[in-house]
Structures are given as C-alpha cells and as structure tokens.
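For reference, the structure is listed below as structure tokens.
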Amino acid sequence: MTLNAWIPVFALMTSLIASLVIFALPEKGYRLRTWVNLGAALVKLSLVVVMVWGVFQGVEYGLSFTMVPGVTFVLKADALSMMFAGLSAVLWLLTTIYAVGYLEDSPNRSRFFGFFSLCVASTMGIALAGNLFTFFLFYEMLTLSTYPLVVHRGTEKALRAGRTYVIYTLTGGAVLLLAIAWLHGVAGDLPFREGGHFMDADPDIHRSLILIFILLVAGLGVKAAIFPLHGWLPQAMVAPAPVSALLHAVAVVKAGAFGIVRVVYDIYGVEASSALGVLEPLAWLAAFTILYGSFRALSQTDLKRRLAFSTVSQVSYIILGISLFGPVAAAGGLVHLLHQGIMKITLFFCAGNYAETLGIHRIDEMDGAGRRMPGTSVAFTIGAFGMIGAPPLAGFITKWTMGSGALAANMDWVIVVLLSSSLLNAAYFLPVMHRLWFREPAGSWPEERHWGRLETSAWLFWPPLLTAVMTVMVGVLASLPFSPLSWAELIALREYSP
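Using UniProt numbering, the first residue of the sequence shown is number 1, and each one after it goes up by one.
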C-alpha cells in the first residue's frame, strides 16, 4: 500500500489523536493543550493542501477494506471531498484559536477541546468517506461528539437544547440508516463516483429509488436544517460561540448539505435524479426553506437566534443550486458550501466577541457597539453584507452564479427567490448595523471587560478579521485558478460531463 493511500488516514488521525491526548490532560495544562490543538490543526491543514494539489494533478488518494461481506469501509479524496475537507481544515484552525481565548477562564476545558477535536475528526471522515456506509459511520460519530459541546455549560436550558438536538439528529440518523440499508438491498454497496450509478437503472426499481431518495434526503435534511426539520438549530444557540460557529459553518449543517450533494451527484447521478423527477420537488423545498428561514430571522431579538434562522435559509442555497439541473447553478450551490461557512463563522465570532467583551446578547443592546469595538463591528458588517449579496463579496458570487444558472435552466422563478431572499437578508441585517454604527449607547454595557490595548482578547480579535478578509478575497478573486468558485466549477463540469 502506497503513501498516497495513507494520507487520508493521517488527515483523519490528526484530530483523533489530538482528542485522546487532550482528554488525558489536566485542566491546568493550558499551554500544552493549546499547542496540541494548534499543532494538530496545522498538520491537518498541511495534509489537506497536499491532497488538494494532488487531486488537481490527478493523483489518487484512498484506501478500502471489507468490514463484513458486502460492506466496505472506504476513504477517498476527490474534488468534492477536498472542497469540504478544505473548509473544515481552514476553519478548524481559526475556530481553535478563537476557542482558546473564549474559554480561557472556563471549567472543563479538556473535555470541551477533546470533543471539539472528535467533532472535527468526524467532519473530516464525512468529507473523505468513499461510500454511504463510511459516510454514515462518521455522520453518527458527529452527532455523538457534538452533543457534549451543545450541553457544555450544563444549565437546564443547555440540557434541554441538547435533548432536542439528540432527538432530532438520532431520528434523522435512523431514517438515513434505513435508506442506506434499503439501497444496499436494491443495488449493493455503491461507492461515490462522478455521474452516479442509476442513469440506466432498470425501470422496475424506479419506484424504490424514488422512495429511497426521499428517505435519504429526510435523514440528511435534519442536520441540513431543511424545513420542517430545522427545529433543533435555534435551540442549540445556547452553546458557547465557538460551538455555534462549528455547528453553522464547519460541521453539522454542512455535513447534512454535503450528504445531499453526495446522494444527488455521486450515488444517483444528476441525470438519473432528474429523470426520476426528484430534483424539482427538492428545489421547491429548498426555495421555501430559504424564504422561511429569512422570515423567521426578522422576528428574532436574540442575535445568535437571528443568525441561526439565517443559517436555516442560507444552507438551502446549496441544495437549491444542485437541484436546478445545470452546471452553472450547480457551481453556485457548491461554492456556497465554502462561502456560507466563511461568512457565517465571521458573524458568530463577532457575536461571541460582543457577548464576552460587553455582555451583549440581544440586538437591542447593540446601540453604539461599533464605536467601542470597531474591529469586530467592521468584520460583522462585512459578513452581513456578504450574506445580503452585496458585490464584490462572497455572497454576491454565489447569488450571481446561481441566478445565471437558473436562467440557463429556464427556471426563472429562482430569480424571484434569490431577490426576495436578499431583500429579507437586508431587512434583518441592516437594522443591526444601524444600531452598531449610528446609535448612541444607551448607558453602560451589560458586562464590560477590558483587555488592554485591543478591544477584546487577541485570541478573539483576529479570527473574525481574518475570515472577514477571506469574505472579501474569495469574491474579488473569484475568477482566479484555485478560487472556491473555480474549484466548484471544476466539480460541476465533471458531474455533468457525459
């Protein structure tokens, strides 16, 4: 077995080994725990960069072995997996830096960072899974490793949110397992491959394939927060800000959306999915979720809950893009996998900064915070304008590409959805920015802390500024090779090639 076969395993093991080391460290081992976290994140990022370059050059990475007759464990790097793995690796590093500062004086830090590393290992396993069985193993590992993060504070509210999260996600996992077992009975152990497996499927199994598709989307749709399966997500905002960032930008919701992309493209195949008549209903469901999440965000007074309903809306852009049957719209949906992650993690980092530095949790407490925390507020403003779709930011690239793809696919109604969503995005983000920059503070802040020369701790200050810069750069440099858009276009062309 060659070195290339083991590189995906090494990428997976970095965070697994880190989690075991961290669990064993005493609470007072702050410095060593920080170095283990950051060292593992840097090694993982380096391995992912190697695989991205190799996949672009046509190098194959992966290994497989039979677990039981007819069921294979497969790890494999392809263009789609590298998009998700790259997002995970980059944002894990930044979230680790942020979490070190955020939890500086908190109890149970070894427990937190141990499960945090397990969560990232699960996400990397999902990205590198080469078939549905392997995907499912890491998908459920993600559920179990994120639960302790959601309930980390140990309050009654946190425990109640954790119960809701587990009920939703384990039920979704059970439905997903049923669908995978049924599909295995119909077609055997199917590896992920470009173009899928069912273009020339026997008409006698079409009905079964449609029902299995519905079950697969339902099981994956829980984590993707598709309406009406989204109820767990706003409640989970009781978790610490680094966990919220992880749930919304890196791990959980992206795992669900990524799974749906895998099913449509690499199990069924986009042409087979269209022929079976399942893409158009999926597009309508995604469009409804986009508008529903935006409308619900309008009425939220808690900042993190407003961002949560924004996530419900924004993640469905990915699903809408892949449902429109065309490479241009597909590229728009796929690139939003990265764009949404970068923009949303910026917003959650900023929300955490306001909470930790000024004690701000509600939107009506944010008057004048831009003057007290200008760096954080600039980053929040960039992230918010990106979500609205203002050029030349990341969100604009997504919406422009999807709109162009919708017109090319003769689905003009999608333009109405995109424009309506942007107006609703503006309606729930612009009032926040008005409070930040144009209102006077009402008085003293709820719980103000001072950190020296910077407006907040350096560990908290720099990550949102870096992701805000990334929000600008992936938009401005979208036409360059190796930009997220160029990589998404490469994937879309491969999926639609004969």
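For glycine and all other residues, C-beta sits at the position ideal for the given N, C-alpha and C.
{"Query": "Those runs of the alpha helix (DSSP H) which lie wholly inside the stretch 44-108 and span at least 4 residues", "Result": "79-102"}
{"Query": "Whole-number beta carbon distance between His339 and Val474, since they are thought to touch under 8 Å", "Result": "7 Å"}
{"Query": "Residues sharing a beta bridge with Arg362, DSSP", "Result": "Asp302"}
{"Query": "Distance, Tyr30 Cα to Leu334 Cα", "Result": "38 Å"}
{"Query": "Segment contact, 8 Å Cβ cut-off, at least three pairs: the stretch 189-208 with the stretch 253-273", "Result": "yes"}
{"Query": "Backbone CA spacing between Lys61 and Ala488 [nearest angstrom]", "Result": "Rather than Lys, the amino acid found at residue 61 in this sequence is Tyr. Distance between the alpha carbons of Tyr61 and Ala488: 20 Å."}
{"Query": "Inter-stretch contact (C-beta, 8 Å, three-pair minimum) for the stretch 356-376 and the stretch 451-458", "Result": "yes"}
{"Query": "Where Asn410 falls: helix, strand or coil (DSSP)", "Result": "coil"}
{"Query": "Closest residue to Trp462 among Gly219, Ala379, Thr146, Val416 (Cα-Cα distance)", "Result": "Ala379"}
{"Query": "Helix, strand or coil at Ala251 according to DSSP, with G and I counted as helix", "Result": "coil"}
{"Query": "Own chain residues within Cβ distance below 7 Å of Leu465, not counting five before or after", "Result": "Gly375, Ala379"}
{"Query": "Whole-number beta carbon distance between Ala11 and Met82, since they are thought to touch under 8 Å", "Result": "Their Cβ separation, rounded to whole angstroms, is 11 Å, which puts Met82 and Ala11 out of contact at 8 Å."}
{"Query": "DSSP bridge partner residues for Asn353 (one or two, in chain order)", "Result": "None; Asn353 has no bridge partner."}
{"Query": "Glu365 versus Gly130 - alpha carbon distance", "Result": "47 Å"}
{"Query": "Touching by the beta-carbon criterion (3+ pairs, under 8 Å), the stretch 283-297 and the stretch 108-117", "Result": "no"}
{"Query": "Contact between the stretch 229-237 and the stretch 91-105 (3+ Cβ pairs under 8 Å)", "Result": "no"}
{"Query": "Own chain, CB closer than 8 Å to Glu447, minus 5 neighbours either side, in chain order", "Result": "Leu358, Gly359"}
{"Query": "Contact under 9 Å by Cβ, Gly389 with Pro240", "Result": "no"}
{"Query": "DSSP three-state assignment for Ala369, whether helix, strand or coil", "Result": "helix"}
{"Query": "With 16 other Cβ atoms within 10 Å as the buried cut-off, status of Gly39", "Result": "exposed"}
{"Query": "Inter-residue spacing [alpha-carbon to alpha-carbon] between Asp204 and Asn37", "Result": "52 Å"}
{"Query": "Own chain partners of Met492 with C-beta closer than 7 Å, once the 5 adjacent residues on each side are dropped", "Result": "A quick correction: the sequence has Ala, not Met, at residue 492. Within the same chain, Ala492 has close Cβ partners Pro327, Ala330, Ala331, Leu334."}
{"Query": "Cβ pair Lys344, Ser310 closer than 9 Å", "Result": "yes"}
{"Query": "Where Ala239 falls: helix, strand or coil (DSSP)", "Result": "coil"}
{"Query": "Under the three-state DSSP convention, the category Pro481 falls into", "Result": "coil"}
{"Query": "Contact set for Arg362: own chain, Cβ-Cβ below 8 Å, skip 5 residues either direction", "Result": "Thr301, Asp302, Leu303"}
{"Query": "Cβ neighbours of Ile210 in the same chain (closer than 7 Å, five flanking residues each side left out)", "Result": "Leu276, Val278"}
{"Query": "Supposed close pair Thr471, Ala406 - CB separation, criterion 8 Å", "Result": "Not quite, the Cβ-Cβ distance comes to about 24 Å (not below 8 Å), so this is no contact."}
{"Query": "Opposing strand residues paired with Pro191 [DSSP bridges]", "Result": "Asn131"}
{"Query": "Phe135 and Phe227 closer than 9 Å at C-beta", "Result": "no"}
{"Query": "Beta-carbon proximity check, Leu63 vs Ala5, cutoff 9 Å", "Result": "yes"}
{"Query": "Presumed contact (8 Å Cβ cut-off) between Leu216 and Leu176, rounded CB distance", "Result": "7 Å"}
{"Query": "Bounding residues of the alpha helix (DSSP H) (the contiguous stretch that carries Phe461)", "Result": "458-476"}
{"Query": "Under the three-state DSSP convention, the category Ala179 falls into", "Result": "helix"}
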